[in-house]
Amino acid sequence: MTSPQQDTSSITRQAPRRIDAFFMRMQGIYGHIWTSRWPVPEALQVAKNEWHNDLAKYSDEELDAAVERSKARYKMPPNLAEFLECCIPDFAELGMPDPEAAYLEACQKSHDPNNQGFRWSHPAVYFAGKQAGWHDLQRTLSGVRTRFDSAYEVLFRQVVSGAQLEIPKPNSRTLEHKGGEKTRTEQEKQTALTRIAELKAMLGMKQASPTESTGGTHGSM
Numbered sequence: 057m058t059s060p061q062q063d064t065s066s067i068t069r070q071a072p073r074r075i076d077a078f079f080m081r082m083q084g085i086y087g088h089i090w091t092s093r094w095p096v097p098e099a100l101q102v103a104k105n106e107w108h109n110d111l112a113k114y115s116d117e118e119l120d121a122a123v124e125r126s127k128a129r130y131k132m133p134p135n136l137a138e139f140l141e142c143c144i145p146d147f148a149e150l151g152m153p154d155p156e157a158a159y160l161e162a163c164q165k166s167h168d169p170n171n172q173g174f175r176w177s178h179p180a181v182y183f184a185g186k187q188a189g190w191h192d193l194q195r196t197l198s199g200v201r202t203r204f205d206s207a208y209e210v211l212f213r214q215v216v217s218g219a220q221l222e223i224p225k226p227n228s229r230t231l232e233h234k235g236g237e238k239t240r241t242e243q244e245k246q247t248a249l250t251r252i253a254e255l256k257a258m259l260g261m262k263q264a265s266p267t268e269s270t271g272g273t274h275g276s277m
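What follows is the structure, given as structure tokens:
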């Protein structure tokens with residue numbers, strides 16, 4: 057019959073050297089508080105296996121960056137869930153404004169989101185604003201901030217995963233303008249005005265015809 061200690065050893069697998077190096081680094085940062093969590097070798101090995109399983113998908117560079125974030129955020133050693141949050145880059149690291157700044161920017165530009173003169177801080181701000189609704193952002197209606205934050209968080213995760221966002225250029229025939237409504241371009245407006253002028257000219261000619269006809273009859277008398 058095997059002992060509990062032997063059972064534990066048999067169901068755990070040896071974590072790669074990288075996790076050993078990681079644990080040594082965390083011990084160097086947080087001292088004995090880090091290792092005191094696992095007072096016996098068996099517990100330490102189980103912990104290494106758990107951490108390895110969740111950290112294996114990150115590159116060495118990503119793991120190094122996560123350790124630096126952990127140092128900045130936690131005076132006491134983080135648990136696994138907290139450290140996994142450190143594996144996610146900050147908004148600034150991705151060139152994105154924080155949610156508060158992003159929301160304010162979207163509100164400020166909501167009246168004319170496709171204005172080519174606007175320089176969006178990041179495409180994610182534009183797309184989050186579009187999903188929240190330009191019309192609602194203009195009027196800061198109830199619930200729009202929640203919708204914006206939710207959309208921005210999803211876009212943030214996409215960028216973290218490597219997604220490349222690009223703001224589309226305005227359609228040649230229509231522009232998304234105030235309140236997200238479609239408005240005519242200047243070319244369409246000019247075409248409409250020209251057509252109206254032609255119709256007015258045709259109507260004017262038809263109205264003048266009876267007069268011209270009458271005038272012709274008097275002239276013959």
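Residue numbers (this note's numbering): 57 to 277.
For glycine and all other residues, C-beta sits at the position ideal for the given N, C-alpha and C.
Nothing here was measured: the structure is a model prediction, and the numbers come from that model.
Query                                                                                                                                                                                          : Result
Rounded to a whole number of angstroms, what is the C-alpha to C-alpha distance between Leu-136 and Arg-195?                                                                                   : 42 Å
Rounded to whole angstroms, what's the CA-CA distance from Ile-223 to Thr-91? Just pull it up for me.                                                                                          : 49 Å
Among Glu-98, Phe-147, Ser-126, Trp-190, which has the Cα closest to the Cα of Gly-84?                                                                                                         : Ser-126
For Trp-94, I'd like the list of residues in its chain whose CB is within less than 6 Å of its CB, leaving aside the five on either flank, ordered along the chain.                            : Leu-100, Ala-103
May I have the straight-line CA-CA distance separating Tyr-182 from Gly-218, to the nearest angstrom?                                                                                          : 18 Å
Could you tell me which whole alpha helix (DSSP H) segments of length 4 or greater appear in the region 61 to 128?                                                                             : 73 to 86, 88 to 91, 97 to 111
Looking at Pro-133 and Ile-89, is the spacing between their C-beta atoms short of 7 Å?                                                                                                         : yes
What residues in its chain sit with their C-beta under 8 Å from that of Glu-106, if we drop five residues either side in the sequence?                                                         : Leu-136
Measure the alpha-carbon distance for Leu-111 versus Asp-120 and round it to whole angstroms.                                                                                                  : 11 Å
Below 8 Å on the Cβ atoms is my guess for Ala-184 versus Leu-211; work out the distance and round it to an integer in Å.                                                                       : 6 Å
Pull up the distance between the alpha-carbon of Lys-225 and that of Asn-171, whole angstroms please.                                                                                          : 10 Å
Flag this pair as yes or no: are the beta carbons of Leu-221 and Ala-162 separated by less than 7 Å?                                                                                           : no
Counting C-beta neighbours from all protein chains within 10 Å, is the total for Phe-174 16 or more, i.e. buried, or is it exposed?                                                            : exposed
Quick one: what does DSSP say Tyr-130 is sitting in, helix, strand or coil?                                                                                                                    : coil
Excluding the 5 residues preceding and the 5 following Ser-177 in the sequence, name in chain order all residues of the same chain whose CB lies nearer than 7 Å to its CB.                    : Pro-153, Glu-161
Please go through the same chain and pick out, in chain order, the residues whose beta-carbon is closer than 7 Å to the beta-carbon of Asp-319, but skip the five residues on each side of it. : Absent from the model: residue 319. The displayed extent of the chain is 57 to 277, so no value can be given.
What is the DSSP secondary structure of Gln-214, counted as helix, strand or coil?                                                                                                             : helix
Over the uninterrupted alpha helix (DSSP H) stretch that includes Cys-142, give me the two end residues.                                                                                       : 136 to 142
Need the endpoints of the alpha helix (DSSP H) that Arg-175 sits in, please.                                                                                                                   : Element bounds for Arg-175: n/a, residue is neither H nor E.
Give every residue of the same chain whose Cβ lies closer than 6 Å to the Cβ of Ala-122, excluding the five residues on either side of it in the sequence, and list them in chain order.       : Cys-142, Cys-143
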